[in-house]
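Just add 142 to the spot in the sequence shown (first one is 1) and you have the working numbering. Even for Gly, the Cβ is constructed at its ideal location relative to N, Cα and C. What you are looking at is a predicted structure, and each value in this text was computed from that prediction instead of being measured. Below you'll find the structure, written out as C-alpha cells, and then a few comments.
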Amino acid sequence: MRAYIVPKGSTGIEHLQPVERPDPGPPGPGQVTVRVRAASLNYRDQAVIAGRYVGGSLTRDTVPLSDGAGEVIAIGAGVARVRVGDRVAGTFMQVDPAGPAGATPTTLGSPLDGMLAEQIVLYESGVVPLPEGYGFEEAATLPCAAVTAWNALMVAGRAVRPGDSVLVLGTGGVSMFALQFARAAGARVIATSSSDSKLARLAPLGVRDGDVINYRRTPDWEQEVLRATGGRGVDVVVETGGTGTLNRSFSSLATGGKVGLIGVLTSGDSNPYLLMRKHASLHGIFVGDRTMFEQMIAAINVNRIRPLIDRVFPFEEAAAAYRYQLAGSFIGKLVIRI
Ligand SMILES: NC(=O)c1ccc[n+]([C@@H]2O[C@H](COP(=O)([O-])OP(=O)(O)OC[C@H]3O[C@@H](n4cnc5c(N)ncnc54)[C@H](OP(=O)(O)O)[C@@H]3O)[C@@H](O)[C@H]2O)c1
C-alpha cells in the first residue's frame, strides 16, 4: 500500500516521506481493516513532524495523522459492531479491549501509526459510523478537532445552554467546530482572529458583526469581550491559545463560567486566582472518548452541521498540505484525499 512516514528523529516537513509498505494483513480478533479515503491535519501533526510533540521527537518511523475516514474492508474474529462495507471514521484514541482495565488509551499518528496510508487496522471499538450524508473528506475532520470542541462545550462542567455566550480563539479546526456547535446549541459566539478577512468569513456561521475581535490589533481582547457582553463576560471560553492567553480568558469569563483548556499555541504565566471570585472553573480537555464522538454525531445529524473545510489536497501533495497549514492562511480544516 501507499503511505507516508515521519521518520524517527524528524524535525520538520522536509522529512515527510512517501513509502510503499506491505498491506497490514488480516485484522486480529476485535479489529477491523479500514481502506482510508481521507485524512485531516491538526495542529498536533505539525508538532509531531517537528519533533516537538509530548515526549519529544519520534523514536520510530511513524505513519502520521490521527484523523481519517474510509470503508471497512475486513473484520476480525468476534467483531459484532461493524460490518465489511461500513463507512467509518477512526477515534483519536484506540483502546485495546483486551488490555488492562484503566490503561491509558494510545493515540493515532503518534505513538500509533496513523491515517496517512491506504489501509489501517483499528479496534472495532475505535471506529464510529459517519454522520448522515457525510463524505469521507468531511468525516475525516471530526475525530480530534470536533470531539475536542464538543467535549469543551457540552461535556466538561455544565453543558452550553441556549442564550449562553461562548468565546472561541482563532479560526482553526477546534475553534470553528466549537463555533458551529455553540450556535446549534443556541449560544452567542464571540470570535477572535489575527485576520480581518478570516473574521469576515464568520458572519454566515452566525457570528454577529460586533462579536469579532482582531487579537493582533486589539491585544487586550478580553476588554472587548467584556464590552461586547455589557461587562458580564462569557459563559464559556474554548481555550485553544494556551498559557499565554489563559489570563485574558479568565478575565473574559462571567460569574460561574468555565474555560476548556485545550491549546498549546502560546506560553506565558497564568494566574488561576482570577477564577476564584467568579466561582469559575478550568477544565483540562484531552480530545474525548467514543461516547462523546457518538453524541456529537447525533447532534451533527439533527442540526445538519457540515465542517468548514478550507482545502482538500491530493495524496501526492501531503507535504504541501502540511506547509499550507504551517503558513496559517486557512480557516477550519485541511484534508488530504487518499
Ligand atoms: N487538548 C486537546 O485535546 C487538543 C485537541 C485538539 C487541539 N488541541 C490544541 O488546540 C490548538 C488548536 O488546534 P487546531 O488543530 O484547532 O489548530 P489549527 O487548526 O492549526 O488552528 C490554529 C489557529 O490558532 C489560531 N491562533 C494562533 N495563535 C493564536 C493566538 N495567540 N491566539 C488565538 N488564536 C491563535 C490561528 O487562528 P487565526 O489565524 O484566526 O488567528 C490559527 O489558525 C493547538 O494548540 C492544538 O495542539 C488540543
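Discussion item. In the DSSP assignment, the alpha helix (DSSP H) including Lys340 goes from what residue to what residue?
Written reply: Residue mapping note: residue 340 aligns to position 198 of the sequence shown, counting from 1. For Lys340, the enclosing alpha helix (DSSP H) covers residues Asp338 to Ala342.
Discussion item. For Lys150, list the residues DSSP reports as bridge partners.
Written reply: Within the sequence shown, numbered from 1, the residue matching residue 150 stands at position 8. Within the DSSP secondary-structure output, Lys150 pairs in no beta bridge.
Discussion item. Any heavy atom of ligand 1 closer than 7 Å to the beta-carbon of Leu311?
Written reply: The residue you call residue 311 lines up with position 169 of the sequence shown. Checking the Cβ of Leu311 against ligand 1 gives yes.
Worksheet item: Around the Cβ of Gly299, are there at least 16 other Cβ atoms within 10 angstroms (buried) or fewer (exposed)?
Response: As a first step, residue 299 is located in the sequence shown; it is residue number 157 there, counting from the start. Its Cβ being crowded by 16 or more others within 10 Å, Gly299 is buried.
Worksheet item: In terms of alpha-carbon separation, which member of Glu458, Arg390, Arg202 and Gly402 lies closest to Asp411?
Response: On the sequence shown, position 269 is the one that residue 411 refers to. Nearest C-alpha to Asp411: Arg390.
Practice prompt. Measure the alpha-carbon distance for Glu436 versus Val454 and round it to whole angstroms.
Written response: Your numbering for residue 436 matches position 294 in the sequence shown. Your numbering for residue 454 matches position 312 in the sequence shown. Inter-residue distance for Glu436 and Val454 is about 25 Å (C-alpha atoms, whole angstroms).
Worksheet entry | Check: Leu407 C-beta below 7 Å from any heavy atom of ligand 1 | Walking along the sequence shown from the start, residue 407 turns up at place 265. Yes; taking the cut-off as 7 Å, the Cβ of Leu407 has a heavy atom of ligand 1 nearer than that.
Discussion item. By the three-class DSSP mapping on this structure, what secondary structure does Thr387 have?
Written reply: Residue numbering aside, residue 387 sits at position 245 when the sequence shown is read from its first letter. Correct three-state label for Thr387: helix.
Worksheet item: Where Leu250 and Tyr415 are concerned, what is the direct C-alpha to C-alpha distance, given to the nearest angstrom?
Response: One-based indexing of the sequence shown puts residue 250 at position 108. One-based indexing of the sequence shown puts residue 415 at position 273. Straight-line Cα distance between these residues: approximately 36 Å.
Discussion item. What does DSSP give as the partner residue(s) for Thr204 in the beta ladder?
Written reply: For the purposes of this step, residue 204 is taken as the residue at position 62 of the sequence shown. DSSP lists Val148 as partners of Thr204.
Worksheet item: Asn443 lies in the alpha helix (DSSP H); which residues open and close that run?
Response: Within the sequence shown, residue 443 is the residue found at index 301, counting from 1. Arg432 to Asn445 is the extent of the alpha helix (DSSP H) around Asn443.
Worksheet item: Can you list, in chain order, the stretches of the beta strand (DSSP E) that have 3 or more residues and sit fully within the region 257-327?
Response: Every unbroken stretch of the beta strand (DSSP E) spanning 3 or more residues and falling wholly within the region 257-327 is given here in chain order: 261-265, 269-271 and 307-311.
Worksheet item: DSSP beta-bridge partners for Tyr455?
Response: For the purposes of this step, residue 455 is identified with residue 313 of the sequence shown, where counting begins at 1. The amino acid at residue 455 is misidentified as Tyr; the sequence shows Phe. Ile478.
Practice prompt. With a threshold of 7 Å, establish whether the CB of Lys400 neighbours any heavy atom of ligand 1.
Written response: In the sequence shown, the residue the question calls residue 400 occupies position 258. Result no, Cβ not under 7 Å from ligand 1.
Discussion item. Nearer than 7 Å: is that true of the beta carbon of Gly470 relative to any heavy atom of ligand 1?
Written reply: In the sequence shown, residue 470 corresponds to position 328, counting from 1. At least one heavy atom of ligand 1 is nearer than 7 Å to the Cβ of Gly470, so yes.
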